[in-house]
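Colleague: I have a structure I would like to understand better, so I am pasting it below and will then ask my questions one at a time.
Protein chains: 2
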Amino acid sequence: MLRLTRRSEYGLMALAYLASRPGEYCSVREIVEELKLPKRLLAEVLKDLSRAELLEATRGPGGGYRLTQPAERLALARVVEVLEGPVAMTDCMAHSCDLEASCIIQTGIGRVTRNIRNVLEGMTVAELLPAQPETPLAV
Amino acid sequence: MLRLTRRSEYGLMALAYLASRPGEYCSVREIVEELKLPKRLLAEVLKDLSRAELLEATRGPGGGYRLTQPAERLALARVVEVLEGPVAMTDCMAHSCDLEASCIIQTGIGRVTRNIRNVLEGMTVAELLPAQPETPLAV
DNA sequence: TAATTTAGCACCCAGATGGTGCTCTTCCAT
DNA sequence: ATGGAAGAGCACCATCTGGGTGCTAAATTA
Ligand code: SF4
Ligand code: SF4
């Protein structure tokens, strides 16, 4: 339905949160308490993200997750891809479709998909946070 | 999963097909045979489109559907909206969400959604058809 | 060693989506 | 007027995905 899955949303929320604490390791518990998300599920999501090396994890007391790269460089597209596969509006854009033979909109859809993908690639996790206090002066 | 539903795809295919026969009434049977789509389902979709006045229908022999407006003016967003509700990446963008209180990405997501919507509003059914402006031979 | 925290696995449940059948009504053509 | 063509309505089914959870093992640190 052209919607993000909850997993993606939760993932993005967590990433945004982590982005607001650069360097620090944050435990699932902390994040969940802060963002009021289903613990088990968020844990699952973060696991996936760390497997994909968008996050790095440390176990034991004081452990948790943190970003492996500055949020300004983490495109939304990357996150979505990890959490729900390739950004594609249709099957043919990801795998293949047996209607391709008689499909007259395939190329057109391709163009649309590319545009959507661009939107997602053009925005970063950092931009998700509202009204960042970062001064555009200190570059 | 950020994907179009089949209904939307089929709808777009049919609309594109109708766009290639301006003015003519095309029967469901004809369209289905041409595009190799599930008849019953496509009928359902076209029904919705005509109820939303994107198409107009005529019954009886020689009847069928045709566009109510030039395809160049029919935005993809319009079609998707009719077939699967408002273009929104998240619940909060369509209805509401009980996480809004603690959600830190809502405004950000809003921006993304707006961009996506723009993409869909900036493209028309006419643009779906290949082989108009350039030759799609080799890529 | 005890406490904390991630990793892995297996599972359940509800709702959305894809798809179909059949009947009724409308309307054009002859 | 009358039969056939085509749309409208309704009801239904099967499957898949997605949201969500429990429990145990492995790692790490105090
Ligand atoms: S080929 Fe056509 S029908 Fe098949 S997935 Fe692509 S757009 Fe959809
Ligand atoms: S408020 Fe946040 S969690 Fe709720 S739908 Fe919007 S983005 Fe998703």
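Residue numbers (the working numbering), protein chains in the order written: chain A, 93 to 231; chain B, 93 to 231.
Don't be surprised by glycine CBs; every beta carbon is placed ideally from N, CA and C.
If distances are taken between C-alpha atoms only, which option among B/147, B/179, B/128 comes closest to residue 96 of chain A?
Modeller: Measuring from the Cα of residue 96 of chain A, the nearest candidate turns out to be B/179.
Colleague: Please report the residue range of the beta strand (DSSP E) in which residue 117 of chain B lies.
Modeller: Residue 117 of chain B -> no beta strand (DSSP E), and no H or E assigned at all.
Colleague: For chain A, find out if any of its Cβ atoms is closer than 7 Å to the Cβ of residue 123 of chain B; answer yes or no.
Modeller: Answer no: the Cβ-Cβ gap between residue 123 of chain B and chain A never drops below 7 Å.
Colleague: Who's in the neighbourhood of ligand 1, going by beta-carbon under 6 Å from any heavy atom, listed in chain order?
Modeller: That query returns the following residues: A/182, A/183, A/184, A/189, A/191, A/192, A/195, A/197, A/198, A/201, B/101.
Colleague: Helix, strand or coil for residue 107 of chain B, going by three-state DSSP, please let me know.
Modeller: Three-state result, residue 107 of chain B: helix.
Colleague: What does DSSP give as the partner residues of residue 132 of chain A in its beta bridges?
Modeller: Answer by DSSP bridge pairing: none, since residue 132 of chain A is not bridged.
Colleague: Around the Cβ of residue 216 of chain B, are there at least 16 other Cβ atoms within 10 angstroms (buried) or fewer (exposed)?
Modeller: Buried, since its Cβ has 16 or more Cβ neighbours within 10 Å.
Colleague: Can you check DSSP and say which residues form a bridge with residue 156 of chain B?
Modeller: Residue 156 of chain B is bridged to B/150.
Colleague: Specify, as a first and last residue, the run of the alpha helix (DSSP H) that residue 168 of chain B falls within.
Modeller: That run of the alpha helix (DSSP H) goes 168-176.
Colleague: I'd like to know whether the C-beta atoms of residue 208 of chain B and residue 211 of chain A end up nearer to each other than 7 Å.
Modeller: Yes, these two residues count as a Cβ contact at 7 Å.
Colleague: By Cβ distance below 6 Å, which residues in the same chain neighbour residue 228 of chain A in space, the five residues on each side in sequence not counted?
Modeller: Residue placement at residue 228 of chain A is flagged as unreliable, the pLDDT there being 48, under the threshold of 50; a coordinate-derived value is accordingly withheld.
Colleague: Can you name the residues of chain A whose CB is closer than 7 Å to the CB of residue 157 of chain B?
Modeller: Under the 7 Å cutoff, chain A gives no residues; its nearest Cβ is about 16 Å from residue 157 of chain B.
Colleague: Three-state secondary structure (DSSP) at residue 182 of chain B?
Modeller: In the structure shown, residue 182 of chain B sits in coil (DSSP, three-state: anything other than H, G, I, E or B).
Colleague: Since I believe residue 176 of chain A is in contact with residue 100 of chain A (beta carbons under 8 Å), could you give me their beta-carbon distance rounded to a whole number of angstroms?
Modeller: That pair is a contact at about 6 Å.
Colleague: Helix, strand or coil: how does DSSP classify residue 231 of chain A here?
Modeller: Confidence in residue 231 of chain A is poor, its pLDDT being 39 and thus under 50, which makes the residue's placement unreliable; the coordinate value appears in the next sentence. In this structure, residue 231 of chain A counts as coil in the three-state DSSP scheme.
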